[in-house]
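These notes are about the structure you will find just below.
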Amino acid sequence: MTKKIHILIAVALANLIAFSATAHHSPAVFDRTKEVKLVGSVKEFRWSNPHSFIELDVRNEKGESDTWAVEMNPPNYLVKAGWTSKTVKPGDNVTVMVNPLRTNEKVGKFVSITLPGGQVLTENAPSPAR
Amino acid sequence: MTASAKLVLTVVSLALGTSSIGLGQAVAPGPLGALSRENLSKPRPKPPFELTGTWLHDNKDGPNSWRFVPPTFKLTPDAQEHYDAGQRAAKEGKVYRDDIGQCWPAGMPLIMTRVWPIAMVQLPTVIYMTSAFMNSLRIIYLDGRPHSHPDIVVPSFNGESIGRWEGNTLVVDTKYFPGHHHWLDQGGASIPASDQLHIVERMRMINNGNVLEIEYTMTDPKSWEGEWKMTKRWNRVDDDITEVECWPDLNDHIRSTSSSSQIR
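Chain order of the listed sequences is A and G. All residue numbers for the first sequence refer to the numbering used here, where the first residue is 197 and numbers rise by one. All residue numbers for the second sequence refer to the numbering used here, where the first residue is 14 and numbers rise by one.
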């Protein structure tokens, strides 16, 4: 159990380091103690440097559509986690877990995605980031 | 055009040319270009190590490994104001003046510790370093030229770097920074790099040429008292850099950069 916790901490630290410095901006604005579940339809997915990103249309409690901006690592990292530029496309219905901003705006740091076929992907290779 | 007309034109253009620099005024030749054949072919001792390759900063010691702020420091009153504002922002879960996030260059020394590979090409006269992070170019001249005169140098975020070999060490002196939108950390200790920032790097190769170790000595009398010293390492990696740029629409999509979590 202790070993498992140590591994989890090590992976979390590696992910933090990866995004902290691959990001062109400070990631300190995201609340890493929280995860928000977004169920919606992909509006745009861009496979680009220094960030990839997903814009996701999500229905809110009032039944209206909100567009969430989900910030991701660059493709170099995503490829190692099993992604290609065609992994998601506009119109795909997906579930995305994000670390939200602390300021309650509709922006999140990508944690994981459940694709239409049920496959779950993160954005870092299983081993610590290089 | 007749031969006499050509002669008149030549005389006039020569006269205009000489008058623009002053008759009889000696024009000192500038340094040879770092890539000029004449410069490259000058006899020089064999360098003690070869930096050419791709390098990645070693961040195994966590976030502090890429920061260039020592554990204790004494700031000037101006820098202290920025630092305090950064600490207040952090307590609210916000970041203070994250200029890199607004597409300003990271600049020296932070550009050296982004978690993006750096492609280094070493020639007898110059080292070109291109960080994959925004493809930022850093040039270190090795051809014996001095620093530029302060009245003509163009300040830059990576500064002007002049290197010289001392035994097995490459000593690189870097100065001439813009003094704005330039920081010693990102979103953490908000300490500004002024136009007086001066960096001396002592570079040496360890572990059979697979690890680059750089000892930093930094002064900035406008921002802190005394010398800051720290040592960092890079590992040689089998990797390539790619094109990475801050496109004008990048931050339209990376919306944390325009959210209320940013203190400008």
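Glycine included, every Cβ here is placed at the ideal spot set by N, Cα and C.
Problem - Residues that A98/G bridges to, as DSSP identifies them - result: In the DSSP output, where bridge partners are listed per residue, A98/G has none listed.
Exercise for the section: Please classify Q135/G: does DSSP put it in a helix, a strand, or coil? Expected result: strand
Handout entry: Nearest residue (CA-CA) to Q93/G, options F190/G, P234/G, L263/G and E63/G
Key = P234/G
Exercise for the section: Determine the extent of the alpha helix (DSSP H) in which N272/A is found, giving its start and end residues. Expected result: P271 to K276
Handout entry: Listed by chain order, chain A residues near V108/G by CB distance under 7 Å
Key = S222, A224 and V225
Exercise for the section: Under 8 Å by Cβ, that's how I've got E226/G and R246/G pegged, so tell me the actual separation to the nearest angstrom. Expected result: 5 Å
Handout entry: Rounded Cβ spacing between V108/G and I276/G (contact assumed at less than 8 Å)
Key = 7 Å
Problem - Where N289/A meets chain G, residues with beta-carbon distance less than 8 Å - result: Under the 8 Å cutoff, chain G gives no residues; its nearest Cβ is about 21 Å from N289/A.
Practice task
Please state whether DSSP places T280/A in a helix, a strand or coil.
Solution key: coil
Handout entry: CB contact check: L297/A to chain G, cutoff 8 Å
Key = yes
Exercise for the section: Indicate whether at least one CB of chain G lies closer than 8 Å to the CB of V303/A. Expected result: yes
Handout entry: Nearest-angstrom Cα separation, counted from R249/G out to W68/G
Key = 5 Å
Problem - is_contact[F241/A, chain G] using C-beta, thresh 8 Å - result: no
Practice task
Name, please, each residue of chain A whose Cβ falls closer than 7 Å to the Cβ of G114/G.
Solution key: H220, H221 and S222
Exercise for the section: To the nearest angstrom, report how far apart F86/G and V184/G are at their CA atoms. Expected result: 25 Å
Problem - Buried versus exposed, by CB contacts within 10 Å (16 or more), K7/G - result: In this structure chain G extends from 14 to 277, so residue 7/G is not present and cannot be described.
Practice task
Count the other CB atoms, across all protein chains shown, that sit within 10 Å of the CB of G37/G; report buried if there are 16 or more and exposed otherwise.
Solution key: The predicted position of G37/G is uncertain, since its pLDDT is 48 and thus under 50; a value taken from the coordinates is nonetheless stated next. The residue is exposed, with fewer than 16 neighbouring Cβ atoms inside 10 Å.
Handout entry: I124/G, DSSP secondary structure in three states
Key = helix
Problem - CB contact below 8 Å: R268/G versus chain A - result: yes
Exercise for the section: Select from S169/G, I152/G, P205/G and E258/G the residue whose C-alpha is nearest the C-alpha of G46/G. Expected result: I152/G
Exercise for the section: With a cut-off of 8 Å on the beta carbons, I'd call V257/G and N245/A a contact; round off their distance for me. Expected result: 4 Å
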